[in-house]
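Chemist: For reference, the structure I am asking about is given below.
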Amino acid sequence: MRILLGNSKSIILLILAIILCSYTSYTTAQIRVLSHNEEVDYNGVLPRIWDSKTYDDGTMVVRIIRKNATSSINKYLCFYELFSLRIINLDGTVVEKDLNLGIQALNYCVFQTSNELFSEFLRYYPTTKNQLLITYYNATDINNPSTYVEWGMVMDLDGNVYSRSPIGLPFIDNNLRLPIPIARIQPNINVEKGFLRIIKNQNNNIDWQQFRIETNGTITRLTFGELVIYGETSVAVVSMNTVDEGYAIAFGNTTNSFNATNPLAPLSQLFILPIGYNQNPGLPLLLYQTPIPNIAFVTIFCNIAYVGVGQICTLTATTTQGGAPIGTAPTTQSQNFYIKINFLSSGSVSSFQVINRNLPVENGSNFWKVNSLNFGGYLLSNIATVGPNQFGIYGFLFDEYSENPVNWGFPEPEPIGTKGVYQILPNNTLLVSQLETSNSWQFQVIDLPKFDANRDKGYSNLNVESTFPSIQSTINSNIKNITINFYDPVDISNGRLSVYQVINNQPYLRQHITETSCTVSSDGRTINANILDSTFSSSNGNYYVTMDNSFVVDRAYKEPLLGIRDNIWTFNIVEQKKVPFAPSTNGLLRLTPQGTNYFDSLTSNQQNSFFNTLLNDISNAVPVPRSRLTSIERTQVDFSVNEKQYLISIGIKETRSDNEPSVAAIVSNLNTMVLNKDQTPINDGLASQYLDATYGFNPAPNLWEKYKYRLLGVFLIVGLLIVLFLFAQRRDSNGNNIAVLQLGLIIFDLVLDIAFVSSNAKDVPILYIPSVLFVTLPIGINTILAFYIITQENTRPKFYQWFTAHGKVASVFTVLSGADIEALNILHSNLAGFPFFRAPFSDDAKSKIFWGACLNIFTEDIPQVVVQILYRELTVSYDNLIPLLTLISSCVNLTINIIGRLYQATNRLRSNHSNVSNDDDTDDFGGLVPASSDTSSAKKDLEKLEEGENLSREISKPESSQNYLGDVLKLDNNNDKLGLDGVLNKSFNASNGNLGNDLNKNQNKGMTFLRRMVSRKE
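Numbering (our numbering), first residue to last: 209 to 1226.
Structural data, given as structure tokens:
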């Protein structure tokens, strides 16, 4: 018994839970009031709610009018000439906008036609966030209807007008001789793709045109055509947007021509004309037909099928009594039927249902408007007069299949304003305008029930079950994918996911995800999308993901499904550790061949603007403050590819702010975004779209990391030269051993000059010829001069004797002198004491070398430094080792040569204008030519003695303490005339401190010592 009782209690509780769950979907919601007091009082003229529109996120744009009594006559009602908008934000706050549109006064008047409906010249439609499409009429002669033209204006909510364009002609009523503004504007389900305009023409057919609103606000006409309607009577023509981001025109035909011989011939038909985005349509497709007589199609309402797939049209069919005229209002004895037709974007009918819905209204009109609700079900509404200047709205809710209505929460009827404005928001909130009685206005607000609330998981899409990341979750930035789970199996289509980062309430696109980056689970219910490293790189950032309406298709019907709107699928990134500081840097981008051709086609001013536009695109894409991006506004041809492509240098400034991305993060993100530009906003920029995705963003390299092995080679060579110098010093410290370093510098400079011309000079075309000229011209001049000097010196017996003994060395240095004529000086430098470095150049030869070196400064050193500086300034890529080393080598060479020549010139002037000995003169290597002195005379005597000549010249005693030989040999007044033998003995004595017994041996040693002393003095 206890077990049975326990089971009974469980069953009862389960039943009660089911009843309560079912009841909660249909309970009456609380009525709220949204009111606003106008800031300006127009002398008691009441504000009237005239129209209401809504953005996709639920922000309302309400138009307020005030009657202008002086200009309103008969059936014409005119308003104050202000376009007064009231922006109702999601938090309920109201912002007033009173705008002057600069249009003709006729647009601020409306008139009533025979069916007592208002005909308006001025209308508005929300497009992208904070922008409106405003349609109005312009007439060159307001009394001539043929001069009326409808215009479209794109304007933001602050009144900034982006464009004005004519979009079509009005329908002219030939009987009234009036232009009738009956054109209908159908925004695309993706408002960024524009709108469709349809209007009845003079032949009672339908003219249609597709328009796109460009990013700069201009209106571009796409495809257009005429829909020819056949049949006796067309009861209704409606336009709609479709899930695949196209359009459709639905129209019905009804005829009284019953044919008894063909009783199955259709008397009433419903057609649909699908129009793909920016495409021309085919023929109209038949959705429904019936051969039953006395049936009138009264109204047609078409919309997206928020539950299920495709689109849906609800056709109101009324049975006429006794053959009442088609198109007239049915009598109270008529019966309404609602025919619900679900069809796909292709025009194929997916389901069909006839519903007899019972409306508990005795005196209500049979013209009921059908509103599809985002969370399933329908609202049938009807506005009727309930008293003098009083109106009420009747409303009844139905689910997808029930014939019995559900209470909508308002009383029947609910009072409504004069114009009968009501608005259903995307979240199923209903707002009904109220009659104004003071300088204020208000809406009655109620939340309509969600018939399919069990499938509503907060995505405003009843097809989506869950996602990762989930709504309002917090995740790490290192995730590699996101997922979407659907209730029913799907396949990936041609749409895409888009990831946005919100910064200061401004969304920045981070990544587009297409089918190539997605996978579908085996059961078709889960989509996995790959994420780039740059997408979630911002620490503590706010993100949201949108899904295009055609991102996936239903697997069974192959029909596109609805997507996810902005700011629905939102989540945050956890705060990461602070990134270490990174200094400013530069990097390279490369244009595609098409981008290079486009850049070449621009004028000079346009090219400068191109760089600025590129930086703006990058700033928006990364995102990074524009002030941190710089450009030298130059291009350089990349010769590493076959086609002509330009390199562009971009600078990134450092920052110490924790709220801005670091230099390293910007470099990484920009490189990733360029390499994957088909998935990032780089591909959407006016200039960044021309960036080469195969190149990415290459930051300026660390030269040591990039060229460390080459630099180590250079350091090894320098070290080897130093070792050779030390070796030469150890072998003979009296030689001019510094020549080994200058020899290395000459060879190093020559190699770099040739390498630069062959590999880098073409980077800047205007520098190529000067680079070649200032390498080859000095080489030619120096080589000719070197041959001339050597040839002239060979006429002297002593030099010829040296040349004969060391011809190969002379030949090598003659060739090296082509790089620098100073190389000849090494031949008489006595380097390391080697005899082949003791070339006996004459003073005349040394003078020629000096002047040749001076000329070389002007023909090689200075021009090459100028070329290198210009190359540095005119290139965008200076990360190559050769130009850098060439610049350094050229500057060092120029500095050494200028200072050396100045010292040489100074000493030459001193030796030519002074009678003192040449104590301060330096050696010939370095360019100083020795002055004529006792020392040089002694040297000549030694040379003659070596050549075997007998010298009888006597060396006089020194006249001054400055005489070098006298000081060294310690001559005194007793040695007035001393023969050569005595000098040699003195020399030996000076070197050894005493004289030995072997006179010949002493004289030979004295000769050696004297020769060294003279060489050191030289």
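From the three backbone atoms N, C-alpha and C, an ideal C-beta is built for every residue, glycine too. Here the structure is a predicted model, which means the values were calculated and not measured.
#1: Looking only at its own chain, which residues have a Cβ that is under 7 Å from the Cβ of Arg939, when we skip the five neighbours before and after it?
#2: Report the three-state DSSP secondary structure of Thr1003 (helix, strand or coil).
#3: Roughly how many angstroms lie between the CA atoms of Arg1116 and Gly952, to the nearest whole one?
#4: With Asn1234 as the anchor, note down where its alpha helix (DSSP H) starts and where it stops.
#5: In chain order, what residues of the same chain have a beta carbon less than 7 Å from the beta carbon of Tyr667, not counting five sequence neighbours either side?
#6: Go through the segment 978 to 1022 residue by residue and report every complete run of the alpha helix (DSSP H) that reaches 4 residues or more, in order.
#7: Please identify the residue among Ala963, Pro619 and Val362 whose C-alpha is closest to the C-alpha of Gly600.
#8: What's the C-alpha gap between Val181 and Arg1080?
#9: If contacts are defined as beta-carbon pairs under 8 Å, then Ser1097 and Leu960 qualify, I think. What distance do you get, rounded to the angstrom?
#10: Grab the span of the alpha helix (DSSP H) containing Asn1059 for me, first residue to last.
#11: What beta strand (DSSP E) runs, 3 residues minimum, are completely inside the segment 743 to 816?
#12: Rounded to the nearest angstrom, how far is the Cβ of Ser674 from that of Lys665, given a contact under 8 Å?
#13: Determine, using beta carbons only, whether Thr200 and Asp655 come nearer to each other than 8 Å.
#14: Report yes if the CB atom of Pro501 is closer than 8 Å to the CB atom of Leu523, and no otherwise.
#15: May I ask you to list the residues that DSSP assigns as paired with Gly433?
#16: If you reduce the DSSP assignment to three classes, tell me which class Lys305 lands in.
#17: Below 8 Å between beta carbons: does that hold for Cys510 and Ala592?
#18: Which same chain residues end up closer than 7 Å to Gly300 when comparing Cβ atoms and leaving out the 5 residues on each side of it in sequence?
#19: Quick check: the segment 682 to 699 against the segment 789 to 801, are at least 3 beta-carbon pairs closer than 8 Å?
#20: Starting from the Cα of Ile1070, find the closest Cα among Glu783, Pro1043, Thr1103 and Leu975 and give me that residue.
#21: Measuring alpha carbon to alpha carbon, tell me which of Ser646, Val1020 and Val517 ends up nearest Tyr250.
#22: Thr262 by DSSP, collapsed to three states: which one?
#23: Suppose contacts are defined by Cβ-Cβ distances below 8 Å. Is Ile1029 in contact with Leu981 by that definition?
#24: Excluding the 5 residues flanking Thr734 on each side, which residues of the same chain have their C-beta closer than 8 Å to its C-beta?
#25: Secondary structure at Asn245, three-state DSSP: helix, strand or coil?
#26: For the alpha helix (DSSP H) that contains Pro1071, what are its first and last residues?
#27: DSSP puts Val698 in a beta bridge; with which residues?
#28: Using 8 Å as the Cβ pair cut-off and three pairs as the minimum, do the segment 847 to 867 and the segment 923 to 930 touch?
#29: Is the beta carbon of Asn1105 closer than 8 Å to that of Pro986?
#30: Pull the bridge partners of Leu286 from the DSSP assignment, please.
#31: What residues match up with Ile654 in a beta bridge as DSSP calls it?
#32: For Lys885, collect the residues of the same chain with a Cβ closer than 7 Å to its Cβ; drop the 5 residues on either side in sequence, then sort them by chain order.
#33: Let me know the secondary structure DSSP gives Ile1029 once reduced to three states.
#34: Please report the distance separating the alpha-carbon of Glu1068 from that of Ser706.
#35: Quick one: which unbroken alpha helix (DSSP H) runs of 4-plus residues sit fully inside the segment 870 to 949? Chain order, please.
#36: Are the beta-carbon atoms belonging to Tyr708 and Asn828 less than 8 Å from one another?
Modeler: Here's the rundown:
#1: Within the same chain, Arg939 has close Cβ partners Ala1040 and Gly1041.
#2: Residue state, collapsed to three classes: coil.
#3: Their backbone Cα atoms lie some 27 Å apart in a straight line.
#4: With the chain covering only 209 through 1226, there is no way to say anything about residue 1234.
#5: Cβ neighbours of Tyr667 beyond the five flanking positions: Ile772, Ile776 and Trp777.
#6: Within the segment 978 to 1022, complete alpha helix (DSSP H) segments of at least 4 residues are found at 1005 to 1013, given in chain order.
#7: Distance check between Gly600 and each of Ala963, Pro619 and Val362 places Pro619 closest, using alpha-carbon atoms only.
#8: Residue numbering for the chain in the displayed model covers 209 to 1226; residue 181 lies beyond these limits and cannot be assessed.
#9: Indeed they touch by this definition, with Cβ atoms about 5 Å apart.
#10: The question names Asn, but residue 1059 is Trp in the sequence shown. First-last of the alpha helix (DSSP H) with Trp1059: Asp1051 to Asn1064.
#11: For the segment 743 to 816, whole beta strand (DSSP E) runs of length 3 or above, ordered along the chain, are 750 to 755, 760 to 762, 772 to 781 and 793 to 798.
#12: Confirmed, Cβ separation roughly 6 Å.
#13: Residue numbering for the chain in the displayed model covers 209 to 1226; residue 200 lies beyond these limits and cannot be assessed.
#14: In this structure, Pro501 sits away from Leu523, with a CB-CB distance that is not shorter than 8 Å.
#15: In the DSSP output, where bridge partners are listed per residue, Gly433 has Trp416.
#16: Reduced to three states, the DSSP call for Lys305 is strand.
#17: Not in contact: Cys510 and Ala592 (Cβ atoms no closer than 8 Å).
#18: Counting only Cβ-Cβ distances below 7 Å, and skipping sequence neighbours, we find Leu242.
#19: Between the segment 789 to 801 and the segment 682 to 699 there are fewer than three inter-stretch CB-CB distances shorter than 8 Å, so the stretches are not counted as touching.
#20: For the residues Glu783, Pro1043, Thr1103 and Leu975, the minimum Cα distance to Ile1070 belongs to Thr1103.
#21: Measuring from the Cα of Tyr250, the nearest candidate turns out to be Ser646.
#22: Annotated three-state conformation of Thr262 is strand, per DSSP.
#23: Cβ atoms of Ile1029 and Leu981: not closer than 8 Å.
#24: Hits under 8 Å: Thr691, Ile692, Asn693, Phe694 and Val728.
#25: DSSP places Asn245 in strand when its eight states are reduced to three.
#26: Counting along the chain, the alpha helix (DSSP H) containing Pro1071 begins and ends at Ile1070 to Leu1082.
#27: Under the DSSP definition of a beta bridge, Val698 partners with Asp762.
#28: Touching, no, given that fewer than three Cβ pairs across the two stretches are closer than 8 Å.
#29: Against a cut-off of 8 Å, the Cβ pair of Asn1105 and Pro986 comes out as no contact.
#30: Looking at the sequence itself, residue 286 is Cys, so the reference to Leu does not match. BP columns for Cys286 point to Cys317.
#31: In the DSSP output, where bridge partners are listed per residue, Ile654 has Leu638.
#32: Within the same chain, Asn891, Leu899 and Ala901 come within 7 Å of Lys885 by CB-CB distance, once the 5 residues on both sides are set aside.
#33: In the three-state reduction of the DSSP assignment, Ile1029 falls in the helix class, which pools H, G and I.
#34: Near 59 Å, if we compare the C-alpha coordinates of Ser706 and Glu1068.
#35: 871 to 883 and 911 to 939, all fully within the segment 870 to 949.
#36: No, these two residues do not count as a Cβ contact at 8 Å.
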